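Q: Sending over a structure as structure tokens; questions will come in a sec.
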Amino acid sequence: VRYAGRIMAKRGTGKTMFVPISDEWGTLQAYFRKDDLGEERFALIKKLIDIGDWIGVQGKVFHTRTGELTVHVEDFTFLAKAIRPLPEKYHDMSLENKSRRRHLDLAMNLESRRRFKQRSAIIAEMRAFFSEEDYLEVETPVLQPLYGGATARPFTTHHNALDMTLYMRIADELYLKRLIVGGLERVYEIAKDFRNEGMDRTHNPEFTMLECYAAYWDYHDMMDLTERLIRRLALKFGQDGKLQYGDLVMGFAEPFRRIRFMDALQEKTGVDLMALDDAQVAELAKQHGIALKKGMGRDKILDELFSELVEPELIQPTFVMDHPKELSPLAKDHREAAGLVERFELFVAGFELANSFSELNDPREQRRRFEHQKSLIEAGDDEAQPIDEDFLEAMEAGMPPTGGMGMGVDRLIMLLTDSNNIRDVLLFPHMRPEAK
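Quick note, my numbering runs 724 ahead of the 1-based positions in the sequence shown.
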């Protein structure tokens, strides 16, 4: 056989040497013997190689007395020198050091390599799912003249040739809906989005998002699609449809729980929130230790209460439905409940995994929603959405009833690989500059 990889250790007596060599898939031991190579070549290899170097070997495979698969080296080729030594103990590397020096993490840790290969396999399985569901994969602009489709602060840049400000997209939504208007009835995109916000265990400024849209669907149809997708991934990458996440075990084989936003919040607070005025809602939030920001409206405060009181307890897969209207300027009014919209969020292990609407397709109502968002911006809400005239113009050409869903791919991969921090599933997460 011929085999090449990185030298991970070396040991031996005067006339023999055992060298574990690691490649992408694992480690194979190489056995060097002076009687086979000759005194000069054996002395050369013994003196030349260090841990971290790259080498190719050729020889016959055998098992040692302890059963270890080994190549009895007949010839070798020195491939590359590591002039900077590998860390002596991988497990002493902190999460920050692993994230900052991913090349060392991958070189030293087979589990890390396995996790990132699994990430690729998960995304491939998602694409296979949408292909089977007759969705068309598309690509939309990263640099946009307006940001929209989500509630977030954007990154800003300048286009020199056009002398104009551009924004890195915070969501793909508005462009994908234009494709629905154009007659592409089922579309999806798996792409990078960018939000100029804080970083924590489940947030990175640059992240991968899945968004999909289907004409003639509503949020109930999207709920069913989302459940089919997540169950398929759990069955393929989990154990019998169950996933272990830290100390938690979540089951995905049974139908997902479905609860209403206001019902869950009322159950937790013991208060009929619909009966409270704005000042009473704000006071309730303060009682629960929630800091209120300038420009926060009633519905945004309710969302903060929900995040604080309800979300951490949503361990098993749970659809939270029918949100307050102000939180969802792109969602259709609820067909039965005034002041609410047809929206769901999927929660698993205490964090949000997906978000979906029956998409608003009335351009006049959409303009009114955008005008309200503009008033929130003027009141100090830096996460509200600006008016997108190009999107409104597209809607005015006629947009069919549509269901849409967005899912955080990185969080999904955290769940499927039992990774506690989003940095564990990003090859090169954003980091503060290293102190010198």
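All C-beta atoms in this analysis are idealised placements derived from N, C-alpha and C, irrespective of residue type, glycine included. Owing to the predicted nature of the structure, the values given are computational and were not obtained by experimental measurement.
1. Less than 8 Å between the C-beta atoms of Leu1038 and Phe1068, yes or no?
2. What are the start and end residues of the alpha helix (DSSP H) that includes Met1138?
3. With distances taken from CA atoms, which of Arg1059, Pro811 and Ser823 is nearest Phe1152?
4. Based on DSSP bridge pairs, tell me the residues matched to Ile745.
5. Taking the alpha carbon of Arg1156 as the point to measure from, which residue in Phe918, Glu1107 and Met923 has its own alpha carbon closest?
6. Do Pro1125 and Tyr940 have their beta-carbon atoms positioned less than 8 Å apart in this structure?
7. Return the first residue and the last residue of the alpha helix (DSSP H) that Tyr871 is part of.
8. Per DSSP, Phe1063 forms a beta bridge with which residues?
9. Excluding five sequence neighbours on each side, which residues of the same chain lie with their C-beta closer than 7 Å to the C-beta of Leu898?
10. Roughly how far, in whole angstroms, is the beta-carbon of Leu934 from the beta-carbon of Met1131, given that I think they are within contact range, below 8 Å?
11. List the endpoints of the continuous alpha helix (DSSP H) containing Gln1004.
12. Taking 8 Å as the cut-off, does the segment 981 to 996 touch the segment 1078 to 1088 (at least 3 CB pairs, one atom from each stretch)?
13. Kindly indicate which three-state DSSP category Arg765 falls into: helix, strand or coil?
14. Answer with buried or exposed for Gly1021, where buried requires no fewer than 16 other C-beta atoms within 10 angstroms of its C-beta.
15. I think Leu834 touches Leu793, with their Cβ atoms under 8 Å apart; what is that distance to the nearest whole Å?
16. Among the residues of its own chain, which have a CB less than 8 Å from the CB of His1058, if the five just before and after it don't count?
17. If Glu1107 and Ala733 are in contact, beta carbons under 8 Å, what's the gap, nearest whole angstrom?
18. Quick check on the DSSP output: the beta strand (DSSP E) that includes Val905 runs from which residue to which?
19. Round the Cβ separation of Val1149 and Arg839 to the nearest angstrom and send it over; I've been treating them as touching at under 8 Å.
20. Taking 7 Å as the limit between beta carbons, can you name the residues of its chain near Leu957, skipping five residues before and five after?
21. Please go through the same chain and pick out, in chain order, the residues whose beta-carbon is closer than 6 Å to the beta-carbon of Ala938, but skip the five residues on each side of it.
22. Kindly confirm or deny that the segment 793 to 811 and the segment 752 to 771 touch, where touching means at least three C-beta pairs closer than 8 Å.
23. Give the list of continuous beta strand (DSSP E) stretches no shorter than 3 residues that lie fully inside the segment 944 to 983.
24. CB-CB under 8 Å to His1154, same chain, minus the five flanking residues each way: which ones, in chain order?
25. To which residues of the same chain is Arg851 closer than 8 Å at the C-beta, ignoring the five residues directly before and after it?
26. Which one of Arg925, Gly1074, Met892 and Asp777 has the shortest CA to CA distance from Thr801?
27. Closest by CA to Leu989, which one among Lys770, Leu1033 and Lys758?
28. In chain order, what residues of the same chain lie with their CB nearer than 7 Å to the CB of His1012, ignoring the 5 residues before and after it?
29. Ignore the nearest five residues each way along the sequence and tell me which others in Arg843's own chain have a CB closer than 8 Å to its CB.
30. Within its chain, find whatever has a CB closer than 6 Å to the CB of Glu1051; leave out the 5 residues flanking it on each side and keep chain order.
31. Ends of the alpha helix (DSSP H) at Leu1116?
A: Put simply:
1. no
2. Val1133 to Thr1141
3. Ser823
4. Ile731 and Leu752
5. Met923
6. yes
7. Element bounds for Tyr871: n/a, residue is neither H nor E.
8. The sequence given here places Gly at residue 1063; Phe does not occur at that position. Looking at the DSSP assignment, Gly1063 forms no beta bridge with any residue, so it has no partner.
9. Gly872, Gly873, Asp1112 and Phe1115
10. 4 Å
11. Asp1002 to Gln1011
12. no
13. helix
14. buried
15. With a Cβ gap of about 15 Å, Leu834 and Leu793 do not count as contacting.
16. Asp1046, Leu1064, Val1065 and Glu1066
17. About 52 Å separates the two Cβ atoms, so there is no contact after all.
18. From DSSP, Val905 is part of no beta strand (DSSP E) but of the alpha helix (DSSP H) over Glu897 to Val905.
19. 7 Å
20. Ile846, Glu849 and Leu1140
21. Arg910 and Gly1127
22. yes
23. 966 to 969 and 972 to 975
24. Met923, Asn928, Pro929 and Glu930
25. Glu861 and Ile914
26. Asp777
27. Leu1033
28. Leu1029, Glu1032 and Leu1033
29. Ile1137, Thr1141 and Val1149
30. Here residue 1051 is Leu; the residue named in the question, Glu, does not match the sequence. These residues qualify, in order along the chain: Asp1023 and Asp1027.
31. Glu1113 to Glu1120
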